[in-house]
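Peer 1: Input: one structure, supplied below.
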Amino acid sequence: MRKQEKDQLIDSLTTQINEAGYFYLTDTEGLNAKNTSDLRRLCFRREVKLQVVKNTLLRKAMERSEKDLEELYPILEGPTALMFAEAGNLPAKLIKEFRKKNNQAKPLLKAAYVEETCYIGEEQLENLVNVKSRLELIGDVVALLQSPAKNVISALQGAGGGKIHGLLQTLSEKEA
1081 MRKQEKDQLI DSLTTQINEA GYFYLTDTEG LNAKNTSDLR RLCFRREVKL QVVKNTLLRK
1141 AMERSEKDLE ELYPILEGPT ALMFAEAGNL PAKLIKEFRK KNNQAKPLLK AAYVEETCYI
1201 GEEQLENLVN VKSRLELIGD VVALLQSPAK NVISALQGAG GGKIHGLLQT LSEKEA
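Numbered by the working numbering, the letters in the sequence shown go through residues 1081 to 1256 in order.
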């Protein structure tokens, strides 16, 4: 690869890293051709971009990026595949599902960058599966805000609703 091509690849990786809120560094070494193809198909279906990169080029892209990724530099040894996704827990769920379905120990999680936090090591996979996406958190907040209103409405519509209605009617008749 010529220097110009390397510079273009580094620039492309830098752009992807800057734009991505989430990315994972994985090790797919040892997967046979069929499993690699299955992994790529699964990533495509789940809208996770999988890209194998050279560690030296990836490190240069990380150094040029706007993010503080210094914690990830020691991880850049051996084969590295990048996974970019729109949700922070999506690649973790995908890795777990792929392993279970194919009876594989790979891909291994080397590290992940999620919500401006670096997660390092395979043991972080379960934590990353449980990380909620921004939309999931918004949904939880909306559900919590709706809960009191739903309780009042169900009380008015339920068996207690007749009592409340009768009480309100009696009070309005007394004033008249």
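Glycine is no exception: its CB is placed at the ideal position from the N, C-alpha and C atoms.
#1: Considering only their Cβ atoms, is the gap separating A1161 from L1105 smaller than 9 Å?
#2: In whole angstroms, what separates the C-alpha of A1176 from that of E1099?
#3: Candidates Q1088, I1155, Q1249 and L1111: which alpha carbon is nearest N1182's?
#4: Counting only the same chain and skipping the five closest in sequence on each side, list residues whose C-beta sits under 8 Å from that of S1227.
#5: Any chance you could list the alpha helix (DSSP H) runs of at least 4 consecutive residues sitting entirely within the stretch 1159-1196, in chain order?
#6: When the Cα of Q1131 is compared with those of F1103, K1114 and I1200, which residue comes out closest?
#7: Touch check for the stretch 1194-1206 and the stretch 1215-1224: three-plus C-beta pairs under 8 Å?
#8: Return the first residue and the last residue of the alpha helix (DSSP H) that Q1096 is part of.
#9: Using CA coordinates, which residue listed in A1167, F1178, Q1096 and A1185 is at the minimum distance from S1117?
#10: Here's a check: name, in chain order, each residue in its chain whose Cβ is nearer than 6 Å to the Cβ of Y1193, leaving out the five neighbours to either side.
#11: Return the chain-ordered list of same chain residues with a C-beta closer than 7 Å to the C-beta of K1086, the five sequence neighbours on each side being excluded.
#12: With DSSP as the reference, identify every bridge partner of Q1204, one or two as the case may be.
#13: Whole angstroms is fine: what's the gap from N1169's alpha carbon to E1127's?
#14: Measuring alpha carbon to alpha carbon, tell me which of K1114, K1254 and L1188 ends up nearest D1107.
#15: Along the beta strand (DSSP E) that carries K1129, what are the first and last residues, could you check?
#16: In terms of alpha-carbon separation, which member of L1224, K1180 and I1155 lies closest to K1190?
Peer 2: Answer, in terms of the structure:
#1: Locating residue 1105 in the sequence shown gives position 25, where the first residue counts as 1. Locating residue 1161 in the sequence shown gives position 81, where the first residue counts as 1. Going by C-beta atoms, L1105 is nearer than 9 Å to A1161.
#2: For the purposes of this step, residue 1176 is identified with residue 96 of the sequence shown, where counting begins at 1. For the purposes of this step, residue 1099 is identified with residue 19 of the sequence shown, where counting begins at 1. It is Lys, not Ala, that sits at residue 1176 in the sequence shown. Roughly 25 Å between the two C-alpha positions.
#3: For the purposes of this step, residue 1182 is taken as the residue at position 102 of the sequence shown. When only C-alpha atoms are compared, the closest one is L1111.
#4: Sequence index remark: in the sequence shown, residue 1227 carries index 147 (1-based). Cβ within range, chain order: n/a, list empty.
#5: 1170-1182
#6: Residue 1131 sits at position 51 when you count from the first residue of the sequence shown. Of the listed residues, the one whose Cα sits closest to Q1131 is F1103.
#7: no
#8: Within the sequence shown, residue 1096 is the residue found at index 16, counting from 1. Start and end: K1083 to E1099.
#9: Along the sequence shown, read from residue 1 onward, the residue named residue 1117 stands at position 37. The residue with the shortest Cα to Cα distance from S1117 is F1178.
#10: Walking along the sequence shown from the start, residue 1193 turns up at place 113. F1103, listed in sequence order.
#11: By one-based count along the sequence shown, residue 1086 stands at place 6. Within the same chain, K1086 has close Cβ partners L1137.
#12: For the purposes of this step, residue 1204 is taken as residue 124 along the sequence shown, with counting starting at 1. Per DSSP, none; premise fails for Q1204.
#13: By one-based count along the sequence shown, residue 1169 stands at place 89. By one-based count along the sequence shown, residue 1127 stands at place 47. Using only the alpha carbons, I get a separation of about 13 Å.
#14: Translated into positions along the sequence shown, residue 1107 becomes position 27. Per the Cα distances, L1188.
#15: Stepping through the sequence shown from its first residue, residue 1129 is reached at position 49. That run of the beta strand (DSSP E) goes K1129 to V1133.
#16: Here residue 1190 is taken as the residue at index 110 of the sequence shown, counted from 1. Nearest of L1224, K1180 and I1155 to K1190, Cα basis: I1155.
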